[in-house]
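Read through the structure below, which is laid out as structure tokens, and then see the notes.
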């Protein structure tokens, strides 16, 4: 069952993430599968309520929810050029359920970068720049239950978060 879907901002693909432990990228020209990524998801135990994946506003990265690396939950970074999944965002203690890219690009050391929020079952939210190895910040203890979804404000300066808390 598909639990997450995101459009390519460049307009060539659609990405889905499913309970069969796959992330698939579909070509919009013929609706055929461009690639299927399974390795980061094979060791994921159980299922999550949602699998909200994100695509960076420049189209260079897909970030998945509910992936694993060395027995720890991560948000896997998939690079557009060859659909490589070599990097990840780490630090959450339980399964990641939601990934949301800021709709704007920012400049860090004179180069454009994306900003992404990541959240999940550990009730925390982390915010990252795609060029850094550590989060900009992590919000702990704001919720008592899993974070289900997030949405950036249109100007990109605010983030709304909802959880199972109600």
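In the working numbering, the protein residues as written are 5 to 170.
A virtual CB, placed ideally from N, CA and C, is assigned to each residue, including glycine.
Within 10 angstroms of its Cβ, does residue i collect 16 or more other Cβ (buried), or is it exposed?
| i | result |
| --- | --- |
| residue 36 | exposed |
| residue 78 | buried |
| residue 67 | buried |
| residue 115 | exposed |
| residue 46 | exposed |
| residue 40 | exposed |
| residue 154 | buried |
| residue 55 | buried |
| residue 130 | buried |
| residue 24 | exposed |
| residue 34 | exposed |
| residue 71 | buried |
Which same chain residues end up closer than 8 Å to residue i when comparing Cβ atoms and leaving out the 5 residues on each side of it in sequence?
| i | result |
| --- | --- |
| residue 107 | 61, 156, 158, 160 |
| residue 13 | 59, 60, 61, 62, 63 |
| residue 18 | 9, 10, 11, 12, 29, 30, 32 |
| residue 149 | 127, 167, 168, 169 |
Secondary structure at residue i, three-state DSSP: helix, strand or coil?
| i | result |
| --- | --- |
| residue 107 | coil |
| residue 99 | coil |
| residue 146 | coil |
| residue 44 | helix |
| residue 155 | strand |
| residue 35 | coil |
| residue 74 | coil |
| residue 134 | coil |
| residue 114 | coil |
Is the Cβ-Cβ distance between residue i and residue j less than 8 Å?
| i | j | result |
| --- | --- | --- |
| residue 118 | residue 151 | no |
| residue 99 | residue 44 | no |
| residue 133 | residue 112 | yes |
Excluding five sequence neighbours on each side, which residues of the same chain lie with their C-beta closer than 6 Å to the C-beta of residue i?
| i | result |
| --- | --- |
| residue 9 | 20 |
| residue 91 | 81 |
| residue 42 | 26 |
Excluding the 5 residues flanking residue i on each side, which residues of the same chain have their C-beta closer than 7 Å to its C-beta?
| i | result |
| --- | --- |
| residue 128 | 96, 142, 143, 144 |
| residue 165 | 123, 129, 151, 154 |
| residue 5 | 22, 23 |
| residue 76 | 94 |
Query raised in the report: Would you call the region 140-157 and the region 66-84 touching, i.e. three or more CB-CB distances under 8 Å?
Result: no
Query raised in the report: Between the region 106-125 and the region 27-42, do at least 3 Cβ pairs fall closer than 8 Å?
Result: no
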